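For reference, the structure discussed in these notes is given below.
Numbering (the working numbering), first residue to last: 126 to 767.
Structure (structure tokens):
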């Protein structure tokens, strides 16, 4: 007999009944362990063979089809169940076999098969996106003196796209221009395949890019729209080809309007769910979910989201109320509140005091309070304030009403017409007093007694009138209106548009006054005669230099006598003296538009010699009879020439 590796206390006391001795030498092999014999000698000389611990083999993992797994299970689709089998062989004493998911025990029931084989079958619920990369572990343990034997697999899933959004889309498209539109998809595993459609037609000029994260895909579409594409939808579709079944498109709607993923607005679409963060009153309403595929579409029942809030003014501005003295007014104070307002209060303020308005002066009907107010004196004109209160809180900012003395507006003035074409023009006027109230401006176009056009301008009396016809006489009536009535109209009559298109294609018939024609003819004759005389009777260059010249003035002066009698003997030379008439200005004005010279309008600045006026003066010649007679009487002429 042999005594091996026993502690002193075993020799003194001996092992207790059922105590196990662990033998490290080749203890993992059952055949070897069964050959070892150990005897403990007690003081009483009795022997007790101890129990021997044999660890089991490492667990083997199998899927539901009996295939052994090695590191991973799947990929599975969302909604699939996980069916795994853990098989353990050997071990003494019999090991405990259990399943853990991410370190948490989920199943510790096992069963014996033939021989020393133990199995634990796990039926795990339908998996979802959150189960991706979960660790399924099987442990086999039969002693506390050593670590349990363990095998694990990681769950892999096919995931469909969560979101798909068209980004960097232009606000409007122009036919013939080239555009690039981007579509981004996230949440798919492996990355989604993105396709583009124009109506029902597949578009192919695309390129795809992978984002920094593995499940983000970006597709860019390049296309040139045509006029036939007006109104056609551009659709971006993201699909995972590994996910079986029909393509499913889901949308969320608020009051029938499509909701889009918008992080800045704290509206998130993820995993078929709609997430609203920091809701306000604007998020209240009826929500629904629309699901569609190639077979059709269906809509969920409406869900009413109610967000409670304190009262606030329905109209976020100061309301101006005009009233004459002793005129009674019903001033409504309307608020938005959920739950509805339960009480109202009013105050009046002018430059001198603030007064509380008694409840007998106003009525309350739901979210509206109406105050009956009658100004009597000047101090009754001022500001009215209104507050509402509900179960949430008192209104923080009151509704304001400015009560002013009011009357009808004054007529417009200084109306002008500009930017004329063959069928349009612009009328601009200066507004008169508004009577203390907001005023609006109207223009009516008449042909004879028939109204053709009625235009409204909200802030300024500025009107662009189109669809007019040339060569027709129009009359314009302009007036202003406020809550107290309308002003007297301002009339612009005999407005006739010229047919510029017709004038551009035909010769323009310009009428020249007869006086100008006669004066021009006489002037040309005088110029020709003066040139002839100067060339024929002026003998030398020096003599020609004696001619006096003035800018824009044409006349002929007498030839100076040089003391040569031969020149006096020529009876054919009759000195002619031209004296200028008073200057007559030739001016350009509105006569170019077909008016008579007497109708020309000359601005004051031009009448005073200031302006763009020419300084050219054509002087009409006049024969001086007295000078000719005196010259003939003093000259010695041959009788044959008389």
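Each residue gets a CB set at the ideal place from its N, CA and C atoms; glycine is no exception. What you are looking at is a predicted structure, and each value in this text was computed from that prediction instead of being measured.
Task: Contact under 8 Å by Cβ, residue 536 with residue 607 - done: no
Open item on the list: Between residue 391 and the ligand COA, is there a pair consisting of the residue's CB and a ligand heavy atom that are separated by less than 7 Å?
Closed with: This structure simply doesn't include the ligand COA, nor any ligand for that matter.
Task: Secondary structure of residue 267, DSSP reduced to three states - done: Coil.
TODO: Locate the beta strand (DSSP E) running through residue 457, then write down its first and last residues.
DONE: 454 to 463
Open item on the list: Per the DSSP calculation, residue 289 is bridged to which residue(s)?
Closed with: 310
Task: Unbroken beta strand (DSSP E) run spanning residue 408, endpoints - done: No residue range can be given for residue 408, since it is assigned to no beta strand (DSSP E) and is classified by DSSP as neither H nor E.
- [ ] Can you give me the start and stop residues for the beta strand (DSSP E) that residue 232 sits inside?
- [x] 229 to 232
TODO: Can you grab the Cα-Cα spacing for the pair residue 364 / residue 285, in whole Å?
DONE: 7 Å
Open item on the list: By the DSSP assignment, the beta strand (DSSP E) with residue 598 in it spans what residues?
Closed with: 598 to 607
Task: Rounded separation between residue 548 and residue 587 - CA only - done: Their Cα atoms are separated by approximately 17 Å.
Open item on the list: Taking a contact to mean a Cβ-Cβ separation below 8 Å, would you say residue 351 touches residue 300 in this structure?
Closed with: yes
Open item on the list: Here's the rule I'm using: 16 or more other beta-carbon atoms within 10 Å means buried, otherwise exposed. How should residue 517 be labelled?
Closed with: exposed
Open item on the list: So the candidates are 202, 333 and 242; which of them puts its Cα closest to the Cα of residue 212?
Closed with: 242
- [ ] Report buried or exposed for residue 267, applying the criterion of at least 16 other Cβ atoms within 10 angstroms of its Cβ.
- [x] buried
TODO: May I have the straight-line CA-CA distance separating residue 229 from residue 263, to the nearest angstrom?
DONE: 11 Å
Task: Cβ distance (whole Å) where residue 499 is taken to contact residue 452 below 8 Å - done: Right, their Cβ atoms sit about 7 Å apart.
Task: Burial state of residue 515 (16 or more Cβ within 10 Å) - done: buried
Open item on the list: What would DSSP say about residue 352, mapped onto helix, strand or coil?
Closed with: helix
Open item on the list: Measuring CB atoms only, is the segment 492 to 510 touching the segment 461 to 470, in the sense that at least three cross pairs come out at less than 8 Å?
Closed with: By the Cβ test, the segment 492 to 510 is in contact with the segment 461 to 470, since at least three Cβ pairs between them sit closer than 8 Å.
Open item on the list: What would DSSP say about residue 294, mapped onto helix, strand or coil?
Closed with: coil
Task: Rounded separation between residue 190 and residue 248 - CA only - done: In this structure, the straight-line span from the alpha carbon of residue 190 to that of residue 248 is close to 13 Å.
Task: The beta strand (DSSP E) enclosing residue 576, as first and last residue numbers - done: 575 to 582
TODO: Please report the Cβ distance between residue 307 and residue 342, rounded to the nearest whole angstrom; I am assuming they are in contact, meaning their Cβ atoms lie under 8 Å.
DONE: Going by Cβ atoms, the distance from residue 307 to residue 342 rounds to 11 Å, so no, they are not a contact pair.
Task: Inter-residue CB distance, residue 529 and residue 404 (contact presumed, cutoff 8 Å) - done: That pair is no contact at about 40 Å.
Task: Test item: CB-CB of residue 206 and residue 254 under 8 Å - done: no
Task: Inter-residue Cα distance where the pair is residue 144 and residue 178 - done: Low local confidence applies: a pLDDT of 47 at residue 144 is under 50, so the model's placement there is unreliable, and no value is given.
Open item on the list: Need the endpoints of the beta strand (DSSP E) that residue 186 sits in, please.
Closed with: From DSSP, the beta strand (DSSP E) with residue 186 extends over 185 to 187.
TODO: Provide the residue span of the beta strand (DSSP E) that contains residue 323, from first to last.
DONE: 318 to 323
Open item on the list: I'd like to know if the segment 219 to 237 and the segment 192 to 205 are in contact, where contact means that at least 3 CB-CB pairs between them fall below 8 Å.
Closed with: no
Task: Which residues DSSP lists as bridging residue 620, in chain order - done: 599
TODO: Could you check if residue 289 is buried or exposed, using at least 16 other CB atoms within 10 Å of its CB as the buried criterion?
DONE: buried
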